[in-house]
Amino acid sequence: GEDVEQSLFLSVREGDSSVINCTYTDSSSTYLYWYKQEPGAGLQLLTYIFSNMDMKQDQRLTVLLNKKDKHLSLRIADTQTGDSAIYFCAGSILTGGGNKLTFGTGTQLKVEL
Amino acid sequence: EAGVAQSPRYKIIEKRQSVAFWCNPISGHATLYWYQQILGQGPKLLIQFQNNGVVDDSQLPKDRFSAERLKGVDSTLKIQPAKLEDSAVYLCASTRREGTPNSPLHFGNGTRLTVT
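Chains as they are written, first to last, in the numbering used here: chain A, 265 to 377; chain B, 13 to 128.
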């Protein structure tokens, strides 16, 4: 099955850019997602990229996909304290039962003043 | 629209006891998922329903875990008997279809289970 790995922690200063990285093993992933989880809450979809794209920009968020290296990144511009959370990347594989998401281990982003 | 509702929010039980979690998905969402999230890890899919049928339960420990969605709406997840390693947050998610970007997964806030 799919394995998805992320670094555990990232600390940035408010106003700087944050880059969260993710590597995955299954090149047949159809879509790759970024989710945000705040303390005590469920996961919130931030953005996604289709596997035949290499970049997607959505306001402060930029997703880069390097299919050759199976590497996905999320860049948050002008990081704010409200961006402090755990960020999960997830790969999606089409199976007989529909889309199956495999989540990474999560990266905790801490934004300091 | 109302979000995915889960209850209880917290549960503490002793090992070998039984526990049940409840989920009410967003109205009209045919697909429902139960995920287990152990502290420090990403969510792991336990079971996926399409209406009242099971689509994928390959990672559900069937000797102790069971889930049902009898009328294709609400769902319950049961653990009997619980083990220490079942301590985790149990997340329910729903989607109109099978979680495509045009129909993303909506997650509830989860039930935090502590087994002592």
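Glycine is no exception: its CB is placed at the ideal position from the N, C-alpha and C atoms. Please read these numbers as outputs of a predicted model, since none were measured by experiment.
- In the DSSP assignment, A:Glu376 falls within the unbroken beta strand (DSSP E) covering Thr371 to Glu376.
- In this model, A:Gly368 and B:Thr126 are separated by some 23 Å (Cα to Cα).
- Between B:Asn121 and chain A, the shortest Cβ-Cβ separation is below 7 Å.
- When DSSP states are grouped into helix, strand and coil, A:Thr326 belongs to the strand group.
- If you ignore the 5 residues before and after A:Ile357, its C-beta comes within less than 8 Å of the C-beta of Glu266, Asp290, Ser292, Ser293, Thr294, Asn363, Lys364 and Thr366, all in its own chain and listed in chain order.
- A Cβ-Cβ separation of about 16 Å leaves B:Lys95 out of contact with B:Gln71 under the 8 Å criterion.
- B:Gln49 and A:Leu272 have their C-alpha atoms roughly 15 Å apart.
- The DSSP-derived three-state label of A:Asp347 is helix.
- In this structure B:Gly65 is exposed. Its beta-carbon is surrounded by fewer than 16 other beta-carbon atoms within 10 angstroms.
- The Cβ atoms of A:Leu336 and A:Cys286 lie closer than 7 Å to each other.
- B:Leu96 carries a helical assignment under DSSP once its states are collapsed to helix, strand and coil.
- By a beta-carbon distance limit of 8 Å, A:Leu274 contacts A:Leu373. Their separation comes to about 5 Å.
- Residues of chain A with a Cβ closer than 7 Å to the Cβ of B:Gly40 do not exist, since the nearest Cβ in that chain sits about 17 Å away.
- Among the CB atoms of chain A, one or more fall inside 7 Å of the CB of B:Gln53.
- With 16 or more other Cβ atoms inside 10 Å of its own Cβ, A:Leu338 counts as buried.
- Within chain A, the C-beta atoms nearer than 8 Å to that of B:Leu103 come from Gly306 and Leu307, in chain order.
- Residue burial annotation: B:Tyr47 is buried, with at least 16 other C-beta atoms found within 10 angstroms of its C-beta.
- Excluding the 5 residues flanking it on each side, A:Leu309 has same chain C-beta neighbours closer than 7 Å at Tyr297 and Tyr299, in chain order.
- For B:Ala42, the closest alpha carbon among the candidates B:Val16, B:Lys74, B:Glu97 and B:Gly122 is that of B:Val16.
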